[in-house]
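Colleague: The structure's right below; bear with me while I get my questions together.
In this note's numbering, the protein residues as written are 11 to 524.
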């Protein structure tokens with residue numbers, strides 16, 4: 011038996027190039043799990059120059075896939091194929107083969123996307139056939155060929171013609187095809203052999219995990235943080251896209267989510283809340299387990315409030331400034347609290363450059379409500395274990411969460427929390443440790459803030475209860491031990507045989523390696 015397993019940890023827009031809860035989780039795994047060497051497969055919008063984290067010796071490689079850069083990933087980075095072979099493949103691409111071999115696969119994919127009752131095995135077979143095609147054909151030349159564009163327009167036009175409720179413009183078709191092109195790019199990128207692939211969301215980054223499973227029979231673990239499809243639905247429905255584009259993106263996302271649950275050998279949710287969504291999209295309940303996030307309770311400890319904040323009623327938050335964190339509601343709660351406590355101060359730590367339009371909306375609301383001396387967007391804090399002790403209480407106003415580290419970290423520091431009832435929040439936070447409010451209810455959130463700030467005895471009792479609950483249930487040692495057991499479990503199941511065995515490709519790989 012191997013002393014350490016090789017695991018490909020697949021991430022999107024998070025570790026190791028960006029912060030946030032998933033990155034905290036991933037960094038903890040990479041630093042503390044003892045039976046694994048990790049390769050990070052990082053899907054990003056553009057090429058990232060530098061890691062935000064000091065990577066552990068357990069991280070043996072980082073594979074970066076920039077999906078939306080002007081250049082193709084293969085034109086920016088080397089994924090193991092010699093460049094002259096990529097060029098030769100482009101030059102030799104035969105459009106007649108695209109029409110005869112690829113078009114039937116592409117049509118099946120489009121019809122499966124729009125068919126809510128599509129057979130999951132047929133969806134899997136379609137992705138497999140597409141991957142197999144791109145083992146010998148160039149992705150860019152194929153997907154940008156005229157015959158593929160005509161196929162897309164004809165097939166989609168026929169589908170929407172059956173529905174009299176909406177139409178689509180040329181712009182809609184162009185954006186829709188561009189989305190499909192970008193989301194599927196990883197199907198053309200080869201990946202090194204691994205013992206396990208570990209997904210951090212049940213969405214489009216499943217593709218490299220599928221490639222590993224098709225090629226080597228590599229088992230898949232999916233860890234569900236915030237439910238991908240739920241957060242997709244929230245984001246898409248609140249967007250300004252046309253009905254056609256919203257519908258396409260929702261149906262494509264749902265199709266992929268079902269495929270993730272179908273192909274995963276083990277689904278590890280960070281809370282019990284997610285399980286109902288997983289079952290709704292076809293997950294086998296026998297595959298599902300819960301591993302709660304854990305934190306270092308020896309690092310996140312109660313500490314004195316900084317001298318410059320003494321006497322100032324202070325609320326702290328650790329939150330990236332974007333829609334799902336609902337900072338707008340947090341600002342409104344500050345206005346409610348200010349009615350009773352004029353000198354209340356909210357300190358919000360987190361990246362405010364992620365969604366500049368939303369940050370601007372927040373700043374405008376702060377000014378409109380006259381909260382310039384009460385509400386502060388302070389940007390990134392490089393010592394999160396000290397952040398919560400700046401406040402008397404902390405706040406979380408998200409409309410979607412998994413099992414938020416910010417709640418656990420605040421509790422571990424003995425700081426009571428006012429939070430919205432989303433995701434697994436109430437599985438950590440109870441009425442003895444803080445207040446739970448409905449999402450977007452700024453009045454209730456603000457009044458809960460006032461209650462805690464005005465009652466020192468209650469505040470300290472809740473803080474003590476919160477610290478005790480973390481130590482009893484949510485320590486990093488428990489968290490890491492459970493993931494080590496999960497990796498052992500998945501590796502000691504019955505042997506996984508590769509689905510795809512192509513002697514020609516195996517010979518090519520051997521020659522490339524030499």
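Note that CB positions come from ideal geometry on N, CA and C, so glycine has one too.
Span of the alpha helix (DSSP H) holding residue 429?
Modeller: Element bounds for residue 429: not the alpha helix (DSSP H) but the beta strand (DSSP E), 427 to 430.
Colleague: Going straight from the alpha carbon of residue 464 to that of residue 475, what length do you get?
Modeller: Answer to the nearest angstrom: the Cα atoms are 18 angstroms apart.
Colleague: So does the stretch 252 to 263 actually touch the stretch 221 to 230, counting three or more Cβ pairs closer than 8 angstroms?
Modeller: Touching, no.
Colleague: Along the beta strand (DSSP E) that carries residue 55, what are the first and last residues, could you check?
Modeller: Here residue 55 belongs to no beta strand (DSSP E), and DSSP marks it neither H nor E.
Colleague: Which term fits residue 422, buried or exposed, when burial requires 16 or more other beta carbons within 10 angstroms of its beta carbon?
Modeller: Buried, because 16 or more other Cβ atoms sit within 10 Å of the Cβ of residue 422.
Colleague: For the candidate residues 369, 151, 491, whose alpha-carbon lies nearest to that of residue 109?
Modeller: Comparing Cα-Cα distances from residue 109 to each of 369, 151, 491, the minimum goes to 151.
Colleague: Indicate the three-state DSSP secondary structure (helix, strand or coil) for residue 257 in the structure shown.
Modeller: Helix at residue 257.
Colleague: Less than 6 angstroms between C-beta atoms, sequence neighbours within five positions excluded: which residues of the same chain meet that for residue 101?
Modeller: Any reading at residue 101 is ruled out, since the residue's pLDDT is 49, under 50, leaving its predicted position unreliable.
Colleague: By how many angstroms is the C-alpha of residue 339 removed from the C-alpha of residue 445?
Modeller: Distance between the alpha carbons of residue 445 and residue 339: 16 angstroms.
Colleague: For residue 322, which residues from the same chain have a beta carbon less than 7 angstroms from its beta carbon, with the 5 sequence-adjacent residues on both sides left out?
Modeller: Only 353, 355 meet the Cβ criterion.
Colleague: Just the Cα atoms here: how many angstroms apart are residue 19 and residue 124?
Modeller: Straight-line Cα distance between these residues: approximately 30 angstroms.
Colleague: Using the Cα positions of residue 471 and residue 31, report the straight-line distance between them to the nearest angstrom.
Modeller: Whole-angstrom Cα-Cα distance: 27 angstroms.
Colleague: Under DSSP, the beta strand (DSSP E) around residue 76 begins and ends at which residues?
Modeller: Segment 69 to 76, the beta strand (DSSP E) holding residue 76.
Colleague: Provide the residue span of the alpha helix (DSSP H) that contains residue 435, from first to last.
Modeller: It spans 435 to 438 - the alpha helix (DSSP H) in which residue 435 sits, taken as one unbroken run.
Colleague: How would you write the range of the beta strand (DSSP E) that residue 233 sits in, first residue to last?
Modeller: Where residue 233 is concerned, the enclosing beta strand (DSSP E) stretches over 230 to 234.
Colleague: For residue 183, name the three-state secondary structure that DSSP assigns.
Modeller: Residue state, collapsed to three classes: helix.
Colleague: Determine the burial state of residue 181: buried for a count of at least 16 other Cβ atoms within 10 Å of its Cβ, exposed for fewer.
Modeller: Looking at its Cβ environment, which holds fewer than 16 other Cβ atoms inside 10 Å, residue 181 is exposed.
Colleague: Secondary structure at residue 245, three-state DSSP: helix, strand or coil?
Modeller: If DSSP states are grouped into helix, strand and coil, residue 245 belongs with the helices.
Colleague: Kindly confirm or deny that the stretch 423 to 439 and the stretch 396 to 410 touch, where touching means at least three C-beta pairs closer than 8 angstroms.
Modeller: Contact holds: three or more Cβ-Cβ distances are below 8 angstroms.
Colleague: Between the C-alpha atoms of residue 248 and residue 502, what's the straight-line distance to the nearest angstrom?
Modeller: The straight-line gap from Cα to Cα measures roughly 44 angstroms.
Colleague: Which partner residues of residue 355 appear in the DSSP bridge assignment?
Modeller: The partner list for residue 355 (beta bridge, DSSP) reads 324.
Colleague: Could you pull out every residue in the same chain whose Cβ sits closer than 7 angstroms to the Cβ of residue 28, ignoring the five residues on either side in sequence?
Modeller: Here the set comprises 62.
Colleague: With DSSP as the reference, please indicate the residues paired to residue 16 in a beta bridge.
Modeller: Answer by DSSP bridge pairing, in chain order: 47.
Colleague: Determine the direct distance from the alpha carbon of residue 121 to that of residue 10, and round the result to whole angstroms.
Modeller: Nothing about residue 10 can be read from this structure; the chain reaches only from 11 to 524.
Colleague: Can you round the beta-carbon distance between residue 415 and residue 39 to whole angstroms, since I take them to be within the 8 angstroms contact cut?
Modeller: With 8 angstroms as the limit, residue 415 and residue 39 do not qualify as a contact, their Cβ atoms being about 13 angstroms apart.
Colleague: How about the stretch 361 to 377 and the stretch 475 to 484: do they share at least three Cβ pairs that are nearer than 8 angstroms?
Modeller: Cβ pair count under 8 angstroms is below three, so no.
Colleague: Quick one: Cα of residue 132 to Cα of residue 443, how far?
Modeller: If I take the Cα positions, the gap works out to 48 angstroms.
Colleague: With a floor of 4 residues, list each alpha helix (DSSP H) that falls wholly inside the stretch 142 to 215, ordered by position along the chain.
Modeller: With a minimum length of 4 residues, the continuous alpha helix (DSSP H) runs that stay inside the stretch 142 to 215 are 149 to 153, 156 to 171, 180 to 193.
Colleague: Decide if residue 223 is buried, meaning its Cβ has at least 16 other Cβ atoms within 10 Å, or exposed.
Modeller: Answer is buried; the Cβ neighbour count reaches 16.
Colleague: Mind checking residue 219: buried by the 16 CB within 10 Å criterion, or exposed?
Modeller: Buried: at least 16 other Cβ atoms inside 10 Å.
Colleague: Let me check understanding here. Comparing Cα to Cα, which of 164, 342, 364 lies closest to residue 450?
Modeller: For the residues 164, 342, 364, the minimum Cα distance to residue 450 belongs to 342.
Colleague: Considering only residues of the same chain and omitting the five flanking positions on each side of residue 93, which have a CB-CB separation below 7 angstroms?
Modeller: Because the pLDDT at residue 93 is just 47, under 50, the model does not fix this residue reliably, and the value given afterwards should be weighed accordingly. If we look at residue 93 and ignore the five residues flanking it on each side, it has no Cβ neighbours.
Colleague: Identify, in the order they occur along the chain, each residue of the same chain with its Cβ nearer than 6 angstroms to the Cβ of residue 365, setting aside the five sequence neighbours on each side.
Modeller: Contacts found: 332.
Colleague: Tell me residue 22's beta-bridge partners as DSSP assigns them.
Modeller: Residue 22 pairs with 53.
Colleague: Checking 7 angstroms against the spacing of the C-beta atoms, do residue 404 and residue 326 come in under that value?
Modeller: Going by C-beta atoms, residue 404 is nearer than 7 angstroms to residue 326.
Colleague: If you draw a straight line from the alpha carbon of residue 268 to that of residue 41, how long is it in whole angstroms?
Modeller: Roughly 31 angstroms between the two C-alpha positions.
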